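Colleague: The sequence shown begins at 127 in this note's numbering and counts up one residue at a time. Backbone N, C-alpha and C define an ideal beta-carbon position, used for all residues, glycine too. These numbers were taken from a predicted model, which means no experiment stands behind them. The structure follows.
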Amino acid sequence: MQVDGTCHCGEIAWEAEIDPQAVLVCHCSDCQVLGGGAFRWGTLIAKEAFILLHGSPKLYRKTAASGALRDLAFCGTCGTSLYGTHADHSTTLSLRLSGARQAPQLRPAMQMWTASKISWLDSLCDLPAIEQPMP
């Protein structure tokens, strides 16, 4: 499936070919902290399946618990997370789907790192839902 997206401010635009059956939710603590939420939503793709249309992402290099180096790409203006990849020799990247124009169609097919999943996440459906901000 062909998808395209931008960062929040529009400075960076991209397109990619993804497998919609490989869309996932990651509950690892890095995704929670770096993504600013209870999980991060994305998919693993071949690097050549990703095309940067315009803009220049900034990179943050982090060391994983395993010692592996990861490069995390984001917009330097608005901070939108774009993708992550192994810094050394990776042929894949983990594309963040929050900025995809096709986001409503990209339902997750799996979850990973569920050992660190936020405990109250499954009870969200039980909470009152407000469609618009309160006045």
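1. Among 251, 235, 259, 240, which one has its Cα closest to the Cα of residue 146?
2. Apart from the five residues just before and just after residue 166, which ones in its own chain have a Cβ nearer than 6 Å to its Cβ?
3. How many Å lie between residue 112 and residue 168 at the Cα?
4. Using 8 Å as the cut-off, can you tell me whether the region 193-213 makes contact with the region 242-255, which would need three or more C-beta pairs spanning the two stretches below that distance?
5. Excluding the 5 residues flanking residue 155 on each side, which residues of the same chain have their C-beta closer than 6 Å to its C-beta?
6. Measuring CA to CA, which of 137, 231, 247 is closest to residue 127?
7. Grab me the residues of residue 247's own chain with a C-beta within less than 7 Å of its C-beta, minus the 5 sequence neighbours each way, in chain order.
8. Go through its chain and collect everything with a Cβ distance to residue 228's Cβ below 6 Å, but skip five positions before and after it.
Modeller: In terms of the structure at hand:
1. 235
2. 152, 157
3. Outside the displayed span of the chain (127 to 261) sits residue 112, for which this structure offers no information.
4. no
5. Result list for residue 155: 242, in chain order.
6. 231
7. 164
8. So the list reads 129, once near-sequence residues are dropped.
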